[in-house]
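Participant: Going by our numbering, the first residue of the sequence shown is number 311, and it counts up by one from there. Don't be surprised by glycine CBs; every beta carbon is placed ideally from N, CA and C. None of these values were measured; they are calculated from a predicted model.
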Amino acid sequence: MKSKFFPILVLLAINLLIGLLTFRDYGLAWDEPLYYDYAESIGYAYSPQEWFSGEFDLEKAFGPSASDHANRGPAYLLIARGPAALLQILGLDRASAWHLINFLTFQIGVFVFYLLCLRWMDPLPSMATTAFFSSQPLLWGHAFINSKDIPSLVFFILSIWSGLVMVDSFFKTSLPRTQVYLVLASGVLLGLLTCMRVVGPLAGLLIICFGINRYLFRKRSPAKISPEPIRYFSLLLILYPITCLLITLITWPYLWPDPFNRFIDVLRFMSSNPTQLAVLFQGQILRSDLLPRRYLPTLLGLTLTEPVWLLFAAGLIISFIKDGLLHRRFDTKSPSADTENHTTYPQSHPSRDEYGLALAWFFIPVVYVILRTPPMYDGFRHFFFILPPVFLISGLAIQVISKLVKLISVKLILLSLLLLPG
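1. Under a Cβ-count criterion, where at least 16 other Cβ atoms within 10 Å of its own Cβ denotes burial, should V715 be classed as buried or exposed?
2. Helix, strand or coil: which one does DSSP assign to F690?
3. Relative to the C-alpha of A513, which candidate in L724, L463, E365 has its C-alpha closest?
4. Sort L706, Q592, P317, P563 by Cα distance to L434 and report the nearest one.
5. Quick test of your reading: V710 and V618, contact by CB under 8 angstroms. State the CB separation rounded to the nearest angstrom.
6. The beta strand (DSSP E) with F591 in it runs from where to where?
7. For I328, is the classification buried or exposed, using 16 other Cβ atoms within 10 angstroms of its Cβ as the cut-off for buried?
8. Near S375, what residues of its chain come up, given a Cβ to Cβ distance below 8 angstroms and the 5 sequence neighbours on each side ignored?
9. Tell me which residues share the same chain as V493 and place their Cβ nearer than 6 angstroms to its Cβ, disregarding the 5 neighbours each side in the sequence.
10. By a C-beta neighbour count over all protein chains shown, 10 Å radius and 16 as the cutoff for buried, is N412 buried or exposed?
11. Would you tell me roughly how many angstroms separate the C-alpha atoms of W455 and A339, rounded to the nearest one?
12. Output needed for A668: all residues of its chain with C-beta closer than 6 angstroms, excluding positions within five of it in sequence on either side, in chain order.
13. Expressed to the nearest angstrom, what Euclidean distance is found between the alpha-carbon atoms of F372 and I540?
14. Taking all protein chains shown into account, do 16 or more other C-beta atoms lie within 10 angstroms of the C-beta of P384, making it buried, or fewer, making it exposed?
15. Check each candidate in A407, A323, R382 and name the one with the smallest Cα separation from R334.
16. Below 8 angstroms CB to CB, which residues in the same chain sit around N523 once its five sequence neighbours on both sides are set aside?
17. Taking 7 angstroms as the cut-off, decide whether the C-beta atoms of R404 and Q398 are in contact.
18. Can you tell me where the beta strand (DSSP E) with R597 in it begins and where it stops?
19. To the nearest angstrom, report how far apart A441 and S598 are at their CA atoms.
20. Could you give the residue range of the alpha helix (DSSP H) that holds G705?
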(Lines of atoms letter the chains of each structure in order from A; the text may use other names.)
(Lines give C-alpha, C1' and ligand atoms only; values in the text may rest on other atoms or scores of the structure.)
Protein backbone atom coordinates (compact mmCIF):
# COMPACT_ATOMS: atom_id res chain seq x y z
CA MET A 311 0.00 0.00 0.00
CA LYS A 312 1.67 3.23 -1.21
CA SER A 313 -0.94 5.70 0.01
CA LYS A 314 0.32 8.75 1.87
CA PHE A 315 -2.05 7.71 4.65
CA PHE A 316 -0.42 4.34 5.20
CA PRO A 317 2.26 5.65 7.64
CA ILE A 318 -0.27 7.39 9.86
CA LEU A 319 -2.58 4.37 9.85
CA VAL A 320 0.32 2.25 11.11
CA LEU A 321 1.09 4.78 13.84
CA LEU A 322 -2.56 5.04 14.90
CA ALA A 323 -2.85 1.24 15.02
CA ILE A 324 0.16 1.09 17.36
CA ASN A 325 -1.19 3.91 19.53
CA LEU A 326 -4.63 2.32 19.73
CA LEU A 327 -3.21 -1.07 20.64
CA ILE A 328 -1.19 0.42 23.49
CA GLY A 329 -4.11 2.59 24.59
CA LEU A 330 -6.62 -0.25 24.62
CA LEU A 331 -4.26 -2.33 26.74
CA THR A 332 -3.63 0.40 29.30
CA PHE A 333 -6.61 2.78 29.54
CA ARG A 334 -8.00 1.00 32.61
CA ASP A 335 -4.74 1.57 34.49
CA TYR A 336 -5.23 5.32 34.89
CA GLY A 337 -6.77 6.68 38.06
CA LEU A 338 -8.94 9.76 38.37
CA ALA A 339 -7.43 13.23 38.45
CA TRP A 340 -8.60 15.40 41.32
CA ASP A 341 -11.24 17.34 39.34
CA GLU A 342 -12.44 14.59 37.00
CA PRO A 343 -15.45 13.29 39.01
CA LEU A 344 -17.13 16.70 39.28
CA TYR A 345 -16.40 17.45 35.63
CA TYR A 346 -18.07 14.22 34.57
CA ASP A 347 -21.01 15.09 36.81
CA TYR A 348 -21.21 18.30 34.78
CA ALA A 349 -21.31 16.19 31.60
CA GLU A 350 -24.22 14.17 32.94
CA SER A 351 -26.13 17.31 33.98
CA ILE A 352 -25.61 19.48 30.90
CA GLY A 353 -28.30 17.66 28.91
CA TYR A 354 -30.87 19.41 31.12
CA ALA A 355 -30.16 22.69 29.29
CA TYR A 356 -31.21 21.14 25.96
CA SER A 357 -34.38 19.39 27.11
CA PRO A 358 -37.58 20.90 25.59
CA GLN A 359 -39.53 19.10 28.30
CA GLU A 360 -37.66 21.11 30.94
CA TRP A 361 -37.94 24.35 28.97
CA PHE A 362 -41.72 24.23 29.01
CA SER A 363 -42.16 22.69 32.45
CA GLY A 364 -42.50 26.09 34.09
CA GLU A 365 -39.70 25.20 36.51
CA PHE A 366 -36.67 25.46 34.22
CA ASP A 367 -33.58 26.53 36.15
CA LEU A 368 -30.40 26.84 34.08
CA GLU A 369 -28.24 26.32 37.17
CA LYS A 370 -29.32 22.68 37.25
CA ALA A 371 -27.48 22.14 33.96
CA PHE A 372 -24.11 22.76 35.61
CA GLY A 373 -24.18 19.87 38.04
CA PRO A 374 -23.00 19.86 41.66
CA SER A 375 -19.95 22.01 40.83
CA ALA A 376 -21.77 24.94 39.25
CA SER A 377 -19.64 27.48 41.10
CA ASP A 378 -16.52 26.02 39.50
CA HIS A 379 -17.61 24.66 36.12
CA ALA A 380 -20.56 26.80 35.02
CA ASN A 381 -18.33 29.21 33.09
CA ARG A 382 -16.38 26.36 31.45
CA GLY A 383 -17.83 25.70 28.04
CA PRO A 384 -19.19 22.13 27.73
CA ALA A 385 -18.75 21.61 23.96
CA TYR A 386 -16.53 18.56 24.41
CA LEU A 387 -18.80 17.14 27.09
CA LEU A 388 -21.79 17.47 24.76
CA ILE A 389 -19.91 15.54 22.06
CA ALA A 390 -18.40 12.87 24.30
CA ARG A 391 -21.15 12.22 26.86
CA GLY A 392 -23.10 9.93 24.50
CA PRO A 393 -20.16 7.64 23.60
CA ALA A 394 -19.06 7.60 27.24
CA ALA A 395 -22.56 6.58 28.35
CA LEU A 396 -22.62 3.84 25.71
CA LEU A 397 -19.33 2.42 26.96
CA GLN A 398 -20.73 2.38 30.49
CA ILE A 399 -23.78 0.46 29.27
CA LEU A 400 -21.36 -2.03 27.71
CA GLY A 401 -19.74 -2.59 31.09
CA LEU A 402 -16.98 -0.05 31.62
CA ASP A 403 -16.87 2.00 34.79
CA ARG A 404 -17.32 5.75 34.34
CA ALA A 405 -13.65 6.63 34.74
CA SER A 406 -12.46 4.05 32.22
CA ALA A 407 -15.18 5.00 29.74
CA TRP A 408 -14.20 8.66 29.79
CA HIS A 409 -10.49 7.85 29.71
CA LEU A 410 -10.96 5.78 26.57
CA ILE A 411 -13.03 8.51 24.90
CA ASN A 412 -10.42 11.12 25.85
CA PHE A 413 -7.68 8.95 24.38
CA LEU A 414 -9.59 8.36 21.14
CA THR A 415 -10.14 12.11 20.88
CA PHE A 416 -6.40 12.61 21.16
CA GLN A 417 -5.86 10.15 18.31
CA ILE A 418 -8.12 12.28 16.12
CA GLY A 419 -5.81 15.17 16.91
CA VAL A 420 -2.80 13.01 16.04
CA PHE A 421 -4.32 12.19 12.65
CA VAL A 422 -5.10 15.83 11.83
CA PHE A 423 -1.64 16.87 13.02
CA TYR A 424 -0.30 14.43 10.42
CA LEU A 425 -2.40 16.21 7.79
CA LEU A 426 -0.77 19.47 8.85
CA CYS A 427 2.64 17.84 8.57
CA LEU A 428 1.86 16.74 5.01
CA ARG A 429 1.60 20.41 4.08
CA TRP A 430 5.23 20.81 5.17
CA MET A 431 6.86 17.42 4.63
CA ASP A 432 6.81 14.13 2.73
CA PRO A 433 4.75 11.25 4.20
CA LEU A 434 7.56 9.42 6.03
CA PRO A 435 9.00 12.52 7.76
CA SER A 436 5.40 13.53 8.51
CA MET A 437 4.82 10.19 10.21
CA ALA A 438 8.09 10.50 12.16
CA THR A 439 7.16 14.02 13.28
CA THR A 440 3.66 12.89 14.26
CA ALA A 441 5.03 9.92 16.21
CA PHE A 442 7.47 12.30 17.91
CA PHE A 443 4.54 14.54 18.88
CA SER A 444 2.13 11.83 20.03
CA SER A 445 4.72 9.88 22.04
CA GLN A 446 5.59 12.77 24.34
CA PRO A 447 5.05 11.39 27.87
CA LEU A 448 3.45 14.67 28.93
CA LEU A 449 0.75 14.44 26.27
CA TRP A 450 0.35 10.67 26.39
CA GLY A 451 -0.57 10.67 30.08
CA HIS A 452 -2.89 13.66 29.80
CA ALA A 453 -4.55 12.05 26.77
CA PHE A 454 -6.42 9.71 29.13
CA ILE A 455 -7.19 11.81 32.19
CA ASN A 456 -7.47 15.37 30.89
CA SER A 457 -10.88 16.02 29.38
CA LYS A 458 -10.33 19.78 29.30
CA ASP A 459 -6.97 20.59 27.77
CA ILE A 460 -6.48 17.61 25.45
CA PRO A 461 -9.79 18.26 23.63
CA SER A 462 -8.82 21.94 23.43
CA LEU A 463 -5.49 20.95 21.89
CA VAL A 464 -7.23 18.64 19.42
CA PHE A 465 -9.79 21.25 18.36
CA PHE A 466 -7.09 23.90 18.03
CA ILE A 467 -5.29 21.61 15.57
CA LEU A 468 -8.60 20.92 13.80
CA SER A 469 -9.42 24.62 13.59
CA ILE A 470 -6.03 25.53 12.13
CA TRP A 471 -6.03 22.70 9.61
CA SER A 472 -9.63 23.26 8.48
CA GLY A 473 -8.96 26.99 8.22
CA LEU A 474 -5.95 26.41 5.97
CA VAL A 475 -7.98 24.06 3.77
CA MET A 476 -10.75 26.65 3.67
CA VAL A 477 -8.41 29.40 2.48
CA ASP A 478 -6.72 27.07 -0.01
CA SER A 479 -10.08 26.26 -1.60
CA PHE A 480 -10.46 29.84 -2.85
CA PHE A 481 -7.23 29.57 -4.83
CA LYS A 482 -8.14 26.27 -6.45
CA THR A 483 -10.86 25.19 -8.85
CA SER A 484 -13.26 24.43 -6.01
CA LEU A 485 -16.98 24.81 -6.55
CA PRO A 486 -18.49 27.89 -4.84
CA ARG A 487 -20.79 25.60 -2.86
CA THR A 488 -17.79 23.60 -1.63
CA GLN A 489 -16.10 26.79 -0.48
CA VAL A 490 -19.16 27.79 1.53
CA TYR A 491 -19.33 24.33 3.11
CA LEU A 492 -15.65 24.58 4.10
CA VAL A 493 -16.23 28.02 5.63
CA LEU A 494 -19.18 26.68 7.63
CA ALA A 495 -17.25 23.59 8.76
CA SER A 496 -14.28 25.70 9.81
CA GLY A 497 -16.57 28.09 11.67
CA VAL A 498 -18.24 25.19 13.50
CA LEU A 499 -14.88 23.77 14.62
CA LEU A 500 -13.71 27.21 15.73
CA GLY A 501 -16.95 27.73 17.64
CA LEU A 502 -16.55 24.43 19.47
CA LEU A 503 -12.96 25.35 20.31
CA THR A 504 -14.01 28.76 21.61
CA CYS A 505 -16.58 27.10 23.83
CA MET A 506 -13.88 24.81 25.26
CA ARG A 507 -11.30 27.55 25.76
CA VAL A 508 -11.72 31.31 25.36
CA VAL A 509 -8.32 31.35 23.67
CA GLY A 510 -10.07 29.72 20.71
CA PRO A 511 -10.51 33.00 18.78
CA LEU A 512 -6.71 33.11 18.48
CA ALA A 513 -6.95 30.23 15.99
CA GLY A 514 -9.55 32.15 14.01
CA LEU A 515 -7.45 35.30 14.07
CA LEU A 516 -4.44 33.38 12.78
CA ILE A 517 -6.51 31.94 9.93
CA ILE A 518 -8.02 35.31 9.02
CA CYS A 519 -4.57 36.93 8.95
CA PHE A 520 -3.33 34.02 6.86
CA GLY A 521 -6.24 34.43 4.46
CA ILE A 522 -5.75 38.18 4.10
CA ASN A 523 -2.03 37.73 3.55
CA ARG A 524 -2.61 34.95 1.00
CA TYR A 525 -4.91 37.24 -0.99
CA LEU A 526 -2.71 40.35 -0.82
CA PHE A 527 0.39 38.44 -1.95
CA ARG A 528 -1.35 35.97 -4.25
CA LYS A 529 0.72 37.07 -7.25
CA ARG A 530 3.94 35.76 -5.74
CA SER A 531 2.63 32.18 -5.83
CA PRO A 532 2.02 29.96 -8.86
CA ALA A 533 -1.70 29.76 -8.07
CA LYS A 534 -3.60 30.64 -11.22
CA ILE A 535 -6.92 31.41 -9.55
CA SER A 536 -7.57 34.74 -7.87
CA PRO A 537 -10.84 34.80 -5.89
CA GLU A 538 -13.34 37.58 -6.39
CA PRO A 539 -12.53 39.96 -3.48
CA ILE A 540 -16.03 40.84 -2.26
CA ARG A 541 -17.11 37.21 -2.06
CA TYR A 542 -13.79 36.09 -0.60
CA PHE A 543 -13.70 38.61 2.21
CA SER A 544 -17.43 38.28 2.88
CA LEU A 545 -16.97 34.58 3.56
CA LEU A 546 -13.68 34.98 5.43
CA LEU A 547 -14.53 38.04 7.54
CA ILE A 548 -18.30 37.65 7.98
CA LEU A 549 -19.63 34.10 7.53
CA TYR A 550 -16.64 32.42 9.21
CA PRO A 551 -16.75 34.42 12.48
CA ILE A 552 -20.56 34.52 12.57
CA THR A 553 -20.70 30.72 12.33
CA CYS A 554 -18.16 30.53 15.14
CA LEU A 555 -20.21 32.86 17.34
CA LEU A 556 -23.44 30.95 16.75
CA ILE A 557 -21.89 27.57 17.57
CA THR A 558 -20.21 28.99 20.66
CA LEU A 559 -23.52 30.37 21.89
CA ILE A 560 -25.46 27.18 21.13
CA THR A 561 -22.98 24.93 22.93
CA TRP A 562 -22.42 27.15 25.98
CA PRO A 563 -25.59 27.47 28.10
CA TYR A 564 -23.84 29.69 30.65
CA LEU A 565 -23.83 32.48 28.05
CA TRP A 566 -27.53 32.31 27.21
CA PRO A 567 -28.91 34.85 29.73
CA ASP A 568 -26.42 37.58 28.66
CA PRO A 569 -24.10 36.37 25.89
CA PHE A 570 -21.86 39.40 25.40
CA ASN A 571 -21.28 40.39 29.01
CA ARG A 572 -20.89 36.83 30.24
CA PHE A 573 -18.35 36.02 27.55
CA ILE A 574 -16.35 39.14 28.44
CA ASP A 575 -16.50 38.13 32.11
CA VAL A 576 -15.21 34.66 31.26
CA LEU A 577 -12.46 36.15 29.10
CA ARG A 578 -11.35 38.41 31.94
CA PHE A 579 -11.53 35.56 34.44
CA MET A 580 -9.50 33.19 32.29
CA SER A 581 -6.97 35.87 31.33
CA SER A 582 -6.12 36.54 34.96
CA ASN A 583 -7.42 33.49 36.79
CA PRO A 584 -7.85 34.48 40.46
CA THR A 585 -7.37 30.87 41.55
CA GLN A 586 -4.64 30.74 44.19
CA LEU A 587 -3.26 27.22 44.35
CA ALA A 588 0.05 25.99 45.70
CA VAL A 589 2.58 25.15 42.98
CA LEU A 590 5.83 23.28 43.55
CA PHE A 591 8.51 24.87 41.38
CA GLN A 592 12.25 24.27 41.69
CA GLY A 593 11.98 23.09 45.27
CA GLN A 594 9.75 25.94 46.47
CA ILE A 595 6.02 26.14 47.16
CA LEU A 596 4.71 29.19 45.33
CA ARG A 597 1.27 30.68 44.81
CA SER A 598 -0.08 30.11 41.31
CA ASP A 599 -0.55 33.86 40.84
CA LEU A 600 3.01 34.70 41.92
CA LEU A 601 5.03 32.46 39.63
CA PRO A 602 8.26 33.81 38.09
CA ARG A 603 8.52 34.62 34.39
CA ARG A 604 10.78 31.64 33.85
CA TYR A 605 8.04 29.19 34.90
CA LEU A 606 6.69 28.38 31.44
CA PRO A 607 10.08 28.36 29.64
CA THR A 608 11.46 26.09 32.36
CA LEU A 609 8.58 23.62 32.09
CA LEU A 610 8.80 23.64 28.30
CA GLY A 611 12.44 22.68 28.64
CA LEU A 612 11.95 20.02 31.31
CA THR A 613 8.72 18.25 30.37
CA LEU A 614 9.34 17.58 26.67
CA THR A 615 11.85 14.95 25.57
CA GLU A 616 15.47 15.88 24.97
CA PRO A 617 15.46 16.04 21.14
CA VAL A 618 12.54 18.49 20.92
CA TRP A 619 14.33 21.79 21.32
CA LEU A 620 17.43 20.66 19.45
CA LEU A 621 15.28 19.81 16.44
CA PHE A 622 13.19 22.96 16.89
CA ALA A 623 16.32 25.11 16.79
CA ALA A 624 17.59 23.16 13.79
CA GLY A 625 14.24 23.61 12.05
CA LEU A 626 14.36 27.37 12.61
CA ILE A 627 17.89 27.55 11.21
CA ILE A 628 17.08 25.35 8.23
CA SER A 629 14.04 27.41 7.35
CA PHE A 630 16.12 30.56 7.08
CA ILE A 631 19.32 29.31 5.45
CA LYS A 632 17.97 26.86 2.89
CA ASP A 633 16.96 28.91 -0.13
CA GLY A 634 13.56 27.94 -1.42
CA LEU A 635 12.42 25.97 1.64
CA LEU A 636 9.69 28.50 2.38
CA HIS A 637 8.43 28.62 -1.21
CA ARG A 638 5.57 26.16 -1.17
CA ARG A 639 4.46 24.89 -4.54
CA PHE A 640 0.73 24.53 -5.00
CA ASP A 641 1.27 21.47 -7.20
CA THR A 642 3.04 18.94 -4.99
CA LYS A 643 2.82 15.93 -7.27
CA SER A 644 6.49 16.17 -8.21
CA PRO A 645 9.52 17.62 -6.42
CA SER A 646 10.27 21.24 -7.16
CA ALA A 647 13.67 21.88 -8.61
CA ASP A 648 15.99 24.83 -8.80
CA THR A 649 17.26 24.15 -12.30
CA GLU A 650 19.96 26.78 -12.05
CA ASN A 651 21.53 25.33 -8.92
CA HIS A 652 20.48 21.72 -9.66
CA THR A 653 18.82 21.47 -6.25
CA THR A 654 15.73 19.37 -5.55
CA TYR A 655 13.59 20.47 -2.65
CA PRO A 656 11.17 18.41 -0.56
CA GLN A 657 7.84 17.53 -2.13
CA SER A 658 6.06 19.63 0.49
CA HIS A 659 7.26 22.64 2.39
CA PRO A 660 5.53 25.58 4.07
CA SER A 661 4.83 28.89 2.41
CA ARG A 662 6.10 32.01 4.12
CA ASP A 663 2.63 32.92 5.35
CA GLU A 664 2.00 29.39 6.64
CA TYR A 665 5.36 29.35 8.39
CA GLY A 666 4.57 32.75 9.89
CA LEU A 667 1.26 31.37 11.15
CA ALA A 668 3.12 28.56 12.94
CA LEU A 669 5.55 31.00 14.55
CA ALA A 670 2.70 33.25 15.72
CA TRP A 671 0.79 30.21 17.02
CA PHE A 672 3.68 29.44 19.35
CA PHE A 673 5.27 32.78 20.19
CA ILE A 674 2.20 34.97 20.80
CA PRO A 675 0.94 32.90 23.77
CA VAL A 676 4.49 32.34 25.10
CA VAL A 677 5.32 36.05 25.03
CA TYR A 678 1.95 36.81 26.65
CA VAL A 679 2.64 34.39 29.51
CA ILE A 680 6.17 35.66 30.07
CA LEU A 681 5.12 39.31 30.10
CA ARG A 682 1.80 39.01 31.96
CA THR A 683 2.60 35.99 34.18
CA PRO A 684 -1.05 34.84 34.52
CA PRO A 685 -1.78 32.31 37.27
CA MET A 686 -0.81 28.78 36.23
CA TYR A 687 -1.08 25.42 37.94
CA ASP A 688 -0.95 21.74 37.05
CA GLY A 689 2.12 22.42 34.95
CA PHE A 690 1.28 24.27 31.75
CA ARG A 691 -1.66 22.10 30.72
CA HIS A 692 -3.75 25.16 29.86
CA PHE A 693 -1.22 25.96 27.13
CA PHE A 694 -0.87 22.57 25.46
CA PHE A 695 -2.26 24.18 22.31
CA ILE A 696 1.10 25.93 21.72
CA LEU A 697 2.94 22.62 21.20
CA PRO A 698 1.94 21.57 17.63
CA PRO A 699 3.94 24.34 15.90
CA VAL A 700 7.01 23.34 17.93
CA PHE A 701 6.85 19.88 16.39
CA LEU A 702 5.97 21.19 12.92
CA ILE A 703 9.12 23.29 12.89
CA SER A 704 11.10 20.39 14.35
CA GLY A 705 9.78 18.35 11.45
CA LEU A 706 11.72 20.55 9.02
CA ALA A 707 14.92 19.15 10.53
CA ILE A 708 13.51 15.62 10.39
CA GLN A 709 12.69 16.17 6.71
CA VAL A 710 16.26 17.21 5.91
CA ILE A 711 17.71 14.26 7.84
CA SER A 712 15.36 11.94 5.95
CA LYS A 713 16.61 13.35 2.64
CA LEU A 714 20.25 12.98 3.62
CA VAL A 715 19.93 9.41 4.92
CA LYS A 716 19.22 6.95 2.11
CA LEU A 717 19.25 3.58 3.89
CA ILE A 718 15.89 2.55 5.35
CA SER A 719 17.63 0.63 8.15
CA VAL A 720 19.49 3.78 9.24
CA LYS A 721 16.26 5.79 9.08
CA LEU A 722 14.56 3.27 11.37
CA ILE A 723 17.45 3.43 13.83
CA LEU A 724 17.30 7.23 13.88
CA LEU A 725 13.51 7.14 14.36
CA SER A 726 13.94 4.73 17.27
CA LEU A 727 16.51 7.05 18.86
CA LEU A 728 14.15 9.97 18.35
CA LEU A 729 11.27 8.20 20.11
CA LEU A 730 13.36 6.43 22.76
CA PRO A 731 13.27 9.27 25.35
CA GLY A 732 9.46 9.06 25.26
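Facilitator: The structure says:
1. exposed
2. coil
3. L463
4. P317
5. Incorrect: roughly 16 angstroms between the Cβ atoms, too far for contact.
6. 588 to 591
7. exposed
8. L344, Y345, D347, Y348
9. M476, L545, L549, Y550
10. buried
11. Note that residue 455 is Ile in the sequence shown, not Trp. Approximately 6 angstroms between the Cα atoms of the pair.
12. P699, L702
13. 43 angstroms
14. buried
15. A407
16. D663, G666
17. yes
18. 594 to 597
19. 33 angstroms
20. 697 to 714
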